[in-house]
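Working notes, beginning with the structure itself.
Number of protein chains: 2
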Amino acid sequence: MAAVPLIELWRGGMLESVHSGHAVVFGPDGVEAAWGDPAAVIFPRSSCKMIQALPLIESGAAAAAGLSERQLALSCASHSGAHLHVQAVADWLAGLGMAEADLRCGSHMPQDRDENKRLTCSDTAPCQLHNNCSGKHAGFLTLNRHLGGGTEYVALDHPVQKAVKAAFEEVTGEVSAGFGIDGCSAPNFACTITGLARAMQFFAAAREGGLRETAAARLARAMMAFPEMVAGEERACTRLMRATGGKAAVKTGAEAVFVAILPETRQGIALKILDGGTRASEAAITALLIRCGVLDPAHPVVEQLIPSVQRNWRGFETGGMRLAPGFG
Amino acid sequence: MAAVPLIELWRGGMLESVHSGHAVVFGPDGVEAAWGDPAAVIFPRSSCKMIQALPLIESGAAAAAGLSERQLALSCASHSGAHLHVQAVADWLAGLGMAEADLRCGSHMPQDRDENKRLTCSDTAPCQLHNNCSGKHAGFLTLNRHLGGGTEYVALDHPVQKAVKAAFEEVTGEVSAGFGIDGCSAPNFACTITGLARAMQFFAAAREGGLRETAAARLARAMMAFPEMVAGEERACTRLMRATGGKAAVKTGAEAVFVAILPETRQGIALKILDGGTRASEAAITALLIRCGVLDPAHPVVEQLIPSVQRNWRGFETGGMRLAPGFG
């Protein structure tokens, strides 16, 4: 099966652009709804950070380091590199007796407007703390100090990444078809859209009890408790978690992947826009959160992420975004 | 016929994302090559600015105002709002006895890094001169003063836009299926991919002589003579026109449209990436310029726009971009 149209852009009453993709809603009894090819193999990219954080808790490393719920949320983040994110990662590393130089994520300019302006206008280069994955890497460093591994913790054969791969294959229920190197240099394991949705359903159904269930439940709860730590102001993940008020933990990934964990209904959602267009993955997850009953279609975030009316530089209506027929 | 895969993104030896679209190469004897649906109706957006500039010359307005070849290039531009663009439009308006307030394009932050930094760090709001379409609008104002029309020159029934529509339908060889309001508030008329390619072939074959042929030849020559005025440093249009050294006038349009005018071979090219992804439209036009023999596949711009090797924040190879099988 091929990807199917999910999101449309209209102008002057005519269809101008179309985004196609794959999406799966996975419930307690399996696949409840699917669009495109549920067996399509994708790279989850940053959408699987809560899976990559499972060993951090299961190993006892998080407890040994006394990590807070706020830090657990940050370990699942693709943050904006705002001051609060940079400071939180710096404090975390200091607590481990480590520093920015111990990170292996690389540096890039932050998305946060204020911090970006501060660096730009002072001709200051960003550091690894600004990398949107620095919280995940602080989690890797915390796990690594517990496991006693070497400093190159992003290597495929490093104990940290072996633990991540094992957890990833177990919660997706698949043997990974392969891996790619992510923007932050960590291995990113491939799975099917269904496997990713199955993993999210595991997080949604997890309750305190077994080791993995406890870890999964704590991570989902941490994401919902600190939505500003998982992304940042004006970001889709933060807006959607605030709008759903504890009913959904959501996470975006590069190249237009988006996932959602719905604890109340014990459902997991995973989607990938084939062309990598983020505007479409944000609109598609919004539509599925409404479909699953955890987001009020009248909430302002819906018009922000699925703009039925789009305006130009002078405020004139030019068109709008719509769900493709049969989607949502 | 549906859009077909044109550009692929690979990671870890696996296909991660795909961009589909429509493309047509139109020669002296008609369609020479096509991918996707040659009859697909699209909005050319800014890719048709050289068509919108035809009445400026044909009416005698450009001659009456003594426009330079550099100004004609600017009338076809989606410029970066760099200092040289802003100054050139300001001087043009002053020459008409007009000012920024006479423009109807609206304001947005410039893409040019230096000018953007200057405005950001001085907390200065952009003005309409920064709008990427301000050169086209200066052309509209020049034509309007010659025609004696009202101040709202972007209205559909205004003499300026009536002249633009007539020229558009004549060079595309089609009755427009409709129009949309563009980001700059001007009407943007719909046509088929083949119609847009036919129009570009008209520009490619045009030589000094008839009124319209002379206007088309002068605009294509102006674009190639002043590539930095048509877009800006680090922009695909400017890079590709410099790389093809007078063998191609190329122009991008919003939502991933790209066109090319090849005077030597009298060919016109038009393409649209269905999802609106600019990275793919830039790669696709690059591939077709190579196919048509006007761009050396070994030129550095090719690796810049079709990066066979993509690296992450630490410089590690993560994957690369490829042409889809059967394209290019």
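Listed in order, the protein sequences are those of chains A and B. Count along the first sequence starting at 1, add 777, and that's the number in my numbering. Count along the second sequence starting at 1, add 777, and that's the number in my numbering. For every residue, glycine included, the Cβ atom is placed at its ideal position computed from N, Cα and C.
With a 10 Å radius around its C-beta and 16 neighbouring C-beta atoms as the bar for buried, classify residue i as buried or exposed.
i, result
"B:Gln864", "exposed"
"B:Val1027", "buried"
"B:Thr1015", "buried"
"B:Leu988", "exposed"
"B:Gly843", "exposed"
"A:Ala963", "buried"
"B:Pro821", "buried"
"B:Cys825", "buried"
"B:Gly1096", "buried"
"A:Phe1003", "buried"
"B:Phe1093", "exposed"
"B:Asp806", "exposed"
"A:Val952", "exposed"
"B:Val1086", "exposed"
Locate the beta strand (DSSP E) running through residue i, then write down its first and last residues.
i, result
"A:Pro1098", "It should be noted that the sequence gives Met, not Pro, for residue 1098 of chain A. Element bounds for A:Met1098: Glu1094 to Leu1100."
"B:Lys1028", "Ala1026 to Gly1030"
"B:Glu1059", "No beta strand (DSSP E) contains B:Glu1059, which is instead part of the alpha helix (DSSP H) from Thr1055 to Arg1068."
"A:Ser953", "Unbroken run through A:Ser953: none, as it is neither H nor E."
"B:Gly804", "Met791 to Gly804"
"B:Leu786", "Val781 to Arg788"
"B:Asn908", "It is not in any beta strand (DSSP E) - B:Asn908 carries neither H nor E in the DSSP assignment."
"A:Glu985", "It is not in any beta strand (DSSP E) - A:Glu985 carries neither H nor E in the DSSP assignment."
"A:Ala902", "First-last for A:Ala902: undefined, no H or E at that position."
"B:Gly813", "Taken as a continuous stretch (DSSP letters only), B:Gly813 belongs to no beta strand (DSSP E), as it is neither H nor E."
"A:Ala1037", "Val1034 to Leu1039"
"A:Gly1045", "Gln1044 to Ile1050"
Residue i: beta carbon under 7 Å from a heavy atom of the ligand ATP?
i, result
"B:Val1078", "No copy of the ligand ATP appears in this structure; indeed no ligand is present at all."
Can you find a CB in chain B that lies within less than 8 Å of the CB of residue i?
i, result
"A:Phe820", "yes"
"A:Leu1048", "no"
"A:Gly1103", "no"
"A:Gly1054", "yes"
"A:Asn1089", "yes"
"A:Ser1058", "no"
"A:Ala876", "no"
"A:Gly858", "no"
"A:Cys825", "no"
"A:Cys882", "yes"
Between residue i and chain A, is the shortest Cβ-Cβ distance under 8 Å, so that the two count as touching?
i, result
"B:Ser962", "yes"
"B:Val1086", "no"
"B:Thr1095", "yes"
"B:Met791", "yes"
"B:Arg1099", "no"
"B:Leu1066", "no"
"B:Leu1051", "yes"
What are the start and end residues of the alpha helix (DSSP H) that includes residue i?
i, result
"B:Phe979", "Ile970 to Ala982"
"B:Met827", "Lys826 to Gln829"
"A:His914", "Ser911 to Leu924"
"A:Gly872", "His860 to Gly872"
"A:Glu1005", "Pro1004 to Val1007"
"B:Ser852", "Glu846 to Ser852"
"B:Ser836", "Counting along the chain, B:Ser836 falls outside any alpha helix (DSSP H), and DSSP gives it neither H nor E."
"A:Leu1082", "Pro1077 to Leu1082"
"A:Met1126", "Missing from the structure shown is residue 1126 of chain A; chain A here goes from 778 to 1105 and no further."
"B:Gln938", "Pro936 to Thr949"
"B:Asn893", "Arg890 to Cys898"
Which chain A residues are close to residue i, counting only those with a beta carbon under 9 Å from its beta carbon?
i, result
"B:Glu1032", "Leu786, Arg788, Glu793 and Ser794"
Can you pull the chain B neighbours of residue i, defined as C-beta to C-beta under 9 Å?
i, result
"A:Leu1017", "Correct list: empty, because the minimum Cβ distance to chain B is about 22 Å."
"A:His885", "Trp1090"
How would you list, in chain order, the residues of chain A whose beta-carbon sits under 7 Å from the beta-carbon of residue i?
i, result
"B:Ala967", "Met791"
Report the neighbours of residue i on chain A: residues whose CB is nearer than 8 Å to its CB, in chain order.
i, result
"B:Cys853", "Result: empty, since nearest Cβ-Cβ is about 20 Å, beyond 8 Å."
Going along the region 894 to 915 of chain B in order, which residues come within less than 8 Å of chain A, judged by CB to CB distance? Identification of residues in the region 894 to 915 of chain B having a C-beta nearer than 8 Å to some C-beta of chain A yields Lys894, Thr897, Cys898 and Asn908, given in sequence order.
Listed from N- to C-terminal order along the chain, which residues in the region 929 to 958 of chain A have their beta-carbon within a distance smaller than 8 Å of any beta-carbon of chain B? Within the region 929 to 958 of chain A, the residues whose Cβ lies closer than 8 Å to some Cβ of chain B are Ala954, Gly955, Phe956, Gly957 and Ile958, listed in chain order.
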